[in-house]
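Before any comments, here is the structure.
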Amino acid sequence: MTATLAGTAAEPEVGRARLRKEDARLVTGRTRWTENITVPGMLHLAILRSPHAHARISRVDTSAALREPNVIAAFSGADVAETQGTMACAWPVTEDIVLPIYRPLAVDEVRHVGEPVAVVVARDRASATDALEAIEVDYEPLPVVLGLESALADGAPLVHADAGTNKCYTWVLDSGEAGTGKAVGEAAAAAELTIHRRYVQQRLVPASMEPRSVLVDPTGDEWTIYSATQIPHILRFLLAATTGTPEHKIRVIAPDVGGGFGGKLAVTPEEWIAFAAANRVGKPVKYTESRSESMVSAHHGRDMIQDITLYARRDGTVTGLSVKLLANMGAYLGIVTPGVPILGAFMYNAIYKFPAYRFECTGVFTTTTKTDAYRGAGRPEATYAIERIMDELAAELDLDPLEVRRRNWIRHDEFPFTTVAGLEYDSGNYEAATEKAMQLFGYDTLRAEQAKRRVAGDPVQLGIGVSTYTEMCGLAPSRILGALRYGAGGWESASVRLLPTGKVEVVTGTSPHGQGHVTSWSQIVADQLGVAFDDVEVLHGDTRTSHKGLDTYGSRSLAVGGIALVLACQKVREKARTIAAHLLECAPDDLEFADGAFRVRGTPTSAKTIGECALAVFAAHDLPDGVEPQLDAEATFDPQTFSFPHGTHLCAVDVDTETGAATIRKYVCVDDVGTVVNPLIVEGQVHGGVAQGIAQALYEEAVFDEDGNLVTGSLADYTVPSSADLPEIVSDRTETPATSNPLGVKGVGEAGTIASTPAVVNAIVDALRPSGVTDVPMPCTPERVWRALQTARSGQEVAA
Amino acid sequence: MAEPVELSLRVNGHPAELRVDPRTTLADLLRDRLGLTGTHLGCEQGVCGSCTVLIDGRTARSCTTLAAQAGGSTVWTVEGLSPPAGLSRLQEALSAEHGLQCGFCTPGFVTAATELLVASRGGDLDEAAVRDRLSGNICRCTGYQGIVDAVLAVLAEDVATLPGADAVATGPDVGELVEPPELTPAPVDPSGPADRRGRASAVAAEVLAHLAVFVAAALAGVAAWRRWRR
Amino acid sequence: MIPAAFDYLRPTTVEDAVAALAEAGEEAKVLAGGHSLLPVLRLRLAAPTLLVDLGGLPQLRGVRTDGDTLVLGAMTTHAEVAGAPVVVDAAPLLAQAAATIGDRQVRHRGTLGGSLAHADPAGDLPTAAVALDAELVLAGPAGRRTVPAREFFVDYFTTTLRPDELLVEVRVPALPGWGSHYLKVNRTAQAWATVAVAAVVERENGTITQARVALTNMGPTPVRAVAVERALAGVPVDAIEAAAAHAVEGTSPASDTTASADYRRHLAQVLARRALTAAAGS
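Chains as they are written, first to last, in this note's numbering: chain A, 1 to 800; chain B, 1 to 230; chain C, 1 to 282.
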């Protein structure tokens, strides 16, 4: 066989803007969303949901529904109380946390509007929906509790009566006590300047475009579960653990999954209910939520009150930071609900060298839809608060916001740097990213224009917003997760299989739903094994193929799963080296691997590719003694530390002071996500993240009325921005490789969302600061901007 | 069950003859009866645009159009806007500009972009105009930058060769809007304009005032809602 | 969600449509484009037993002129109203208002008659029709009657249409030489108007001879801002600012998740000033 050297020396795959392998199917609609999948004998499930935010269920009668046309089964929570299992919280953050019982179908009490109460299984969706109307439910309304502070007040109605409190937990990080810094009390006593602010992180809805959908097929010797989920492996484990179903009899498939953003980082009551229903009727059952069901029952994100106090010297040096948080859990705990604000605990100190820090978070139950991870999960909230208050410090000292940051940030020559929150940042260059962003933005020119418009009294004022951020991602070192009482590890798995023709199958434990892993993973493998990009197939999202993994969230897939892949490839290479040496009749140490082939040092014409080695082990006619005839390898990587992407985002906003309308005129971001595998994909992740962060700043908010009804229960009311509502996003990068992993990668999925929200709000406040405005609550709707101006102006009049 | 509706239409150039329950939406007809699962349902409330198809050459939301309304029409879906093998120029551009991530909204964008490209006849649309014309489709992944860039990239090309371009080009031209025939003469209603008894539209005032409650009620089923109101 | 079951009719004459409505009574609903009705049916906020689809009535679609009057068929789509040269020429305000509705998909399916009969106070075309003193032709079993737009809208989503009547034609008197402008603020590009203002102005030598102003979403129906109009009769263009301050008189805006009544009142004044300035300048 002729030595065809796959992979060329010309250009490494990592770093190339490869077009995505995923696209051809997706862009033509040849897709397999869960809702597209039908199996023989499949029935349809419809769910009756609570119209009350809090009520006792005194009676559920499904008998009339059973008489409706095409109905196969109808049952309530009480009917399956013993068999439906429970929903699990995987992150009990403190020892004394309140962990309420969370039944998929409510049994005796409902605690938020939209909670599942009863179901119908019918031959078609229309019949199932029709029959819901025949179910009779008697509710005895109970008092609702909606506000975070009112929920903690004495005598507040209780969401979970048997808990005796609405407090879920209180979690504290104190640098003085932890030995990671000084005590905040000392900083407070010595402060020349103290700035306190309260910021409210409004409640958001992840709102992936594909609604959640699940199909449970109990046919055969196992349960096959198709679900629109980010976490097929965790779903399998938890379903087994909470229902007693043998884990090896459960096969979970996440087929094409249409976005997640944390919203599908969930094991859902609907999955459990479909499982219970399929078991009850012994037939495949499919459930796909409507958008209005999704809005009230899929978990929400954010919803925190942040009291933040900054202690500083008059030269702009911050000496201490204190954060007191109230975090809305909603009515129940999802798999990581309590941990979301805790992820933020490590990020309030951000890129700065604060010497003292105290963080305290209290989780609070309310009769609302539960919260859980939403893109960034805790870190956008932290970044928002610190980046907003750094601007307040700048204003107080009449300094440029970037100058205040410069006086406090970790310089590039100070890495590795252990922060006051106890994390070691391995690398970064905040100066370089900021300098590049300022150039792209035209910072000085825009400041000059701003000054002119202020003097002219232009009714449309220009504001400039700054956000210099970092984040911890690559979740996560298992030992740290253990120390934080998280119920699982943070490793990731990959295996690599060599086919006889030299093609490569990669199995990853990550579970992409838009991130392009098939493409990026192919690039990594191409470089590692010297095979062609097109010769790599990446398999994922099916627990039968990928038996081991911890799935996709927390910007972890590349920084953890990608490294597992590199390690597996290394093992393959080492196995192949033995084979190649045997075939070339030399010692393994005489071989060097480059450009896709093993070559004998000094005799470059004598070469064997990995593909040739694969064919040799397939034939297995002539292998060294004791060598297994295979090159396949598996690796599991458990990171030793997090990765820390960072960057500088700059935003220019025109604020119409008459209508209050804020329009983003220019948005520039320079991100440092370490080594870039695929610039196209990285840029797309940044763009999408920035858009969601802007959406929090300007457009989106989940609002409940006084009865606990979600009044923004459709996409018409929960205003996800369109192309016409968002600006052009100018993105660029600096590249400071992570030193904590062999690829130098950091992660990019959440960066844009974390960075952009404070950049936008800082810009709006900056535009109005001469009028005395110091804050605009999010989302900064035209009315809120106008109100902030009215209030500030009347305040100034009073002061005058 | 209501009286089924006999339906005859052309979908992606092929005739379709069906009997449907009147409440069947065009989206459900395409997905469930014709197997054209490239048309996606993202909100079913006429907002997200994932279900966008061409009806008689113009974009429409198939989730808020009854199948019966499309009787006699020509309908094009993403399957018809894709070449039998490979990609259209628009689809290539969407991939090249990374205008899709999860891909769920993408068929709606392909449809909307095909229509706007052909209808604009290579006009000199700028980025703002493209953004405005795509505002009927929501994407949660891309921040729209790649989608807008893809449309701008194809704008200068010969869009007449895009699959489905003929359907758009032969769609109704508002510039040649026909005059309606004079209505057949009818007697004058003697009650005249003074009659103000009033008729509520499908959405009653009460519904508007309490929309959230009603949405919740809709979730819980109309029967439950009625009992609750009492 | 799936709508509750209903029967479906697609008549080919106005008379048949009216007869079907008369027979079915209150349980029937008229289907035009469907982009407002279908979401309501899907959420089961309404459960009519019969839908009468006007899609089979091409005689209700199109535009013609009748002397000084523009006559638009009720089934003319928003896209057609926005783009038809004859409308742009004779009633630019109507075309401009139609162009701001929703998005392309909505404008391709949504109809002028549907929008007027739906009578959403946040709708754009009702306001334009009121500002332009349009007349609406209604067909019922007893024949046809013509109702001025100002009298057509009764309350939230409620009009003078009787259950057995159809809106068949909209007649808009031409206003040669007048300037006009429709100005809207909304939360996102697709969203309904928070507030919008329709202004039409007749000018002579730098003086406003007369003006008509109507407001969107400032009450249960489109509101004619008569106080503004009064303040603008025979005054110089620079009197617009003072006149616009009267925009809140006679309004009763709602407070909802989009905006408070206070903010709407403020916005009405700002937008009235801007719309009138644009109209007077054009």
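Glycine included, every Cβ here is placed at the ideal spot set by N, Cα and C.
This one's a predicted model, so the numbers in the text were calculated from it and none came from an experiment.
message: Can you list, in chain order, the residues of its chain with a C-beta nearer than 6 Å to that of residue 269 of chain C? Leave out the 5 residues immediately preceding and following it.
response: By one-based count along the third sequence, residue 269 of chain C stands at place 269. The residues are 244, 245 and 247.
- request: Compare the C-beta of residue 263 of chain C with all C-beta atoms of chain A and state if any pair is closer than 8 Å.
  value: Within the third sequence, the letter at position 263 stands for residue 263 of chain C. Judged by the 8 Å Cβ criterion, residue 263 of chain C is in contact with chain A.
field: Minimum C-alpha distance to residue 348 of chain A - residue among A:380, A:333 and A:338
entry: As a first step, residue 348 of chain A must be located in the first sequence, where it is residue number 348. The shortest Cα separation from residue 348 of chain A among A:380, A:333 and A:338 belongs to A:380.
message: Counting only C-beta atoms, is residue 201 of chain A closer than 8 Å to chain B at any point?
response: By 1-based counting over the first sequence, the position of residue 201 of chain A is 201. With 8 Å as the cut-off, residue 201 of chain A does not count as an interface residue toward chain B.
- request: Compute the beta-carbon to beta-carbon distance between residue 546 of chain A and residue 632 of chain A, rounded to the nearest angstrom, for a pair I have assumed lies under 8 Å.
  value: Translated into positions along the first sequence, residue 546 of chain A becomes position 546. Translated into positions along the first sequence, residue 632 of chain A becomes position 632. Contact flag wrong, Cβ pair sits at about 14 Å.
Span separating the alpha-carbon of residue 759 of chain A from that of residue 344 of chain A: Counted from its first residue, the first sequence places residue 759 of chain A at position 759. Counted from its first residue, the first sequence places residue 344 of chain A at position 344. Distance between the alpha carbons of residue 759 of chain A and residue 344 of chain A: 18 Å.
- request: In angstroms with no decimal places, state the Cα-to-Cα distance between residue 114 of chain C and residue 74 of chain C.
  value: As a position in the third sequence, residue 114 of chain C is number 114, starting the count at 1. As a position in the third sequence, residue 74 of chain C is number 74, starting the count at 1. Straight-line Cα distance between these residues: approximately 7 Å.
- request: Determine the contact status of residue 37 of chain B and residue 27 of chain B, defining contact as a CB-CB distance below 8 Å.
  value: Translated into the one-based positions of the second sequence, residue 37 of chain B becomes position 37. Translated into the one-based positions of the second sequence, residue 27 of chain B becomes position 27. No. Outside cutoff.
message: Does chain C have any CB closer than 8 Å to the CB of residue 125 of chain A?
response: Locating residue 125 of chain A in the first sequence gives position 125, where the first residue counts as 1. So, interface residue.
- prompt: When we look at the beta-carbon of residue 14 of chain A and count the other beta-carbons within 10 Å, is it buried (16 or more) or exposed?
  reply: By one-based count along the first sequence, residue 14 of chain A stands at place 14. Looking at its Cβ environment, which holds 16 or more other Cβ atoms inside 10 Å, residue 14 of chain A is buried.
message: Does chain A have any CB closer than 8 Å to the CB of residue 96 of chain B?
response: Numbered from 1 along the second sequence, position 96 holds the residue referred to as residue 96 of chain B. Chain A contact via Cβ: present.
task: Between the Cα of residue 178 of chain A and those of A:419, A:18 and A:459, spot the shortest distance and give me the residue it belongs to.
output: Taking the first residue of the first sequence as 1, we reach residue 178 of chain A at position 178. Comparing Cα-Cα distances from residue 178 of chain A to each of A:419, A:18 and A:459, the minimum goes to A:419.
query: What residues from chain A crowd round residue 118 of chain C, counting only those whose CB sits closer than 8 Å?
result: One-based indexing of the third sequence puts residue 118 of chain C at position 118. Neighbours of residue 118 of chain C on chain A: none; closest Cβ ~15 Å, over 8 Å.
query: Using a Cβ-Cβ distance under 8 Å, would residue 16 of chain B count as near chain C?
result: Counting from 1 along the second sequence, the entry for residue 16 of chain B is found at position 16. No - not a single Cβ of chain C is within 8 Å of the one on residue 16 of chain B.
- prompt: Under a CB-based cut-off of 8 Å, is residue 1 of chain A close to chain B?
  reply: On the first sequence, position 1 is the one that residue 1 of chain A refers to. Here residue 1 of chain A scores only 35 on pLDDT, less than 50, and its place in the model should not be relied on; the value that follows carries that caveat. No, residue 1 of chain A does not count as interfacial toward chain B.
task: Would you list the residues sitting across from residue 330 of chain A in a DSSP beta bridge?
output: Against the first sequence, residue 330 of chain A aligns to sequence position 330. Answer is A:365, bridged to residue 330 of chain A.
query: Is the beta carbon of residue 254 of chain A less than 8 Å from the beta carbon of residue 232 of chain A?
result: Counted from its first residue, the first sequence places residue 254 of chain A at position 254. Counted from its first residue, the first sequence places residue 232 of chain A at position 232. Result yes, Cβ atoms of residue 254 of chain A and residue 232 of chain A sit closer than 8 Å.
message: According to DSSP, simplified to helix, strand and coil, what is residue 471 of chain A?
response: Position 471 of the first sequence holds residue 471 of chain A. Coil.
- prompt: How about residue 148 of chain B and residue 131 of chain B: are their beta carbons less than 8 Å apart?
  reply: As a first step, residue 148 of chain B is located in the second sequence; it is residue number 148 there, counting from the start. As a first step, residue 131 of chain B is located in the second sequence; it is residue number 131 there, counting from the start. Yes, these two residues count as a Cβ contact at 8 Å.
message: Contact criterion: CB-CB distance below 8 Å. Does residue 233 of chain C meet it with respect to chain B?
response: On the third sequence, residue 233 of chain C is found 233 positions in, with the first residue counted as 1. Not an interface residue.
Cβ separation of residue 614 of chain A and residue 564 of chain A, assumed to be a contact under 8 Å, to the nearest whole Å: Reading the first sequence from its first residue, position 614 is the one you call residue 614 of chain A. Reading the first sequence from its first residue, position 564 is the one you call residue 564 of chain A. Wrong, their Cβ atoms sit about 21 Å apart, outside the cutoff.
field: CB contact flag (residue 16 of chain A, residue 678 of chain A, <8 Å)
entry: Taking the first residue of the first sequence as 1, we reach residue 16 of chain A at position 16. Taking the first residue of the first sequence as 1, we reach residue 678 of chain A at position 678. Yes, Cβ-Cβ distance for residue 16 of chain A and residue 678 of chain A is below 8 Å.
- request: Closer than 7 Å, Cβ to Cβ, to anything on chain C: give me those residues from the stretch 51 to 69 of chain B, in chain order.
  value: For the stretch 51 to 69 of chain B, residues whose beta-carbon sits nearer than 7 Å to a beta-carbon of chain C comprise 52, 58, 59, 60, 61, 64, 65, 66, 68 and 69.
query: Are residue 745 of chain A and residue 685 of chain A closer than 8 Å when you measure CB to CB?
result: Counting from one through the first sequence, the residue named residue 745 of chain A turns up at place 745. Counting from one through the first sequence, the residue named residue 685 of chain A turns up at place 685. No. Outside cutoff.
message: Between residue 101 of chain B and chain C, is the shortest Cβ-Cβ distance under 8 Å, so that the two count as touching?
response: On the second sequence, position 101 is the one that residue 101 of chain B refers to. So, not an interface residue.
task: Kindly say whether residue 3 of chain B, judged by its beta-carbon, lies nearer than 8 Å to any beta-carbon of chain A.
output: As a working note, residue 3 of chain B is residue 3 in the second sequence. Chain A contact via Cβ: absent.
message: Rounding to the nearest angstrom, what Cα-Cα distance links residue 155 of chain B and residue 123 of chain B in this structure?
response: For this step, residue 155 of chain B is matched to residue 155 along the second sequence. For this step, residue 123 of chain B is matched to residue 123 along the second sequence. The straight-line gap from Cα to Cα measures roughly 8 Å.
- request: Compare the C-beta of residue 190 of chain B against all C-beta atoms of chain A and say whether one is closer than 8 Å.
  value: What you label residue 190 of chain B is simply residue 190 of the second sequence in a count that begins at 1. For residue 190 of chain B, the answer is no, since every Cβ of chain A falls outside 8 Å of its Cβ.
field: Residues sharing a beta bridge with residue 144 of chain C, DSSP
entry: Within the third sequence, the letter at position 144 stands for residue 144 of chain C. According to DSSP, residue 144 of chain C bridges with B:188 and C:139.
field: CA-to-CA distance, residue 149 of chain C to residue 193 of chain C, given in whole angstroms
entry: Indexing the third sequence from 1 puts residue 193 of chain C at position 193. Indexing the third sequence from 1 puts residue 149 of chain C at position 149. Near 20 Å, if we compare the C-alpha coordinates of residue 149 of chain C and residue 193 of chain C.
field: CB contact flag (residue 801 of chain A, residue 561 of chain A, <8 Å)
entry: In the structure displayed, chain A extends from 1 to 800; residue 801 of chain A sits before or after that span and is not available.
- prompt: Looking only at its own chain, which residues have a Cβ that is under 8 Å from the Cβ of residue 104 of chain C, when we skip the five neighbours before and after it?
  reply: Here residue 104 of chain C is taken as the residue at index 104 of the third sequence, counted from 1. So the qualifying residues of the chain are 79.
- request: Rounded to whole angstroms, what's the CA-CA distance from residue 11 of chain C to residue 125 of chain C? Just pull it up for me.
  value: Along the third sequence, one-based indexing puts residue 11 of chain C at 11. Along the third sequence, one-based indexing puts residue 125 of chain C at 125. Those two C-alpha atoms are separated by around 26 Å.
message: For a cutoff of 8 Å on Cβ pairs, would you count residue 33 of chain A as touching chain C?
response: Residue 33 of chain A sits at position 33 when you count from the first residue of the first sequence. Using a CB distance cut-off of 8 Å, residue 33 of chain A does not count as an interface residue toward chain C.
message: Whole angstroms are fine: how far does the CA of residue 266 of chain C sit from the CA of residue 259 of chain C?
response: Mapped onto the third sequence, residue 259 of chain C falls at position 259. Mapped onto the third sequence, residue 266 of chain C falls at position 266. Whole-angstrom Cα-Cα distance: 11 Å.
field: Reference residue 731 of chain A, options A:713, A:486, A:751 and A:451, closest by Cα
entry: Here residue 731 of chain A refers to the residue found at position 731 when the first sequence is read from its first residue. Taking only the C-alpha atoms, the option nearest residue 731 of chain A is A:751.
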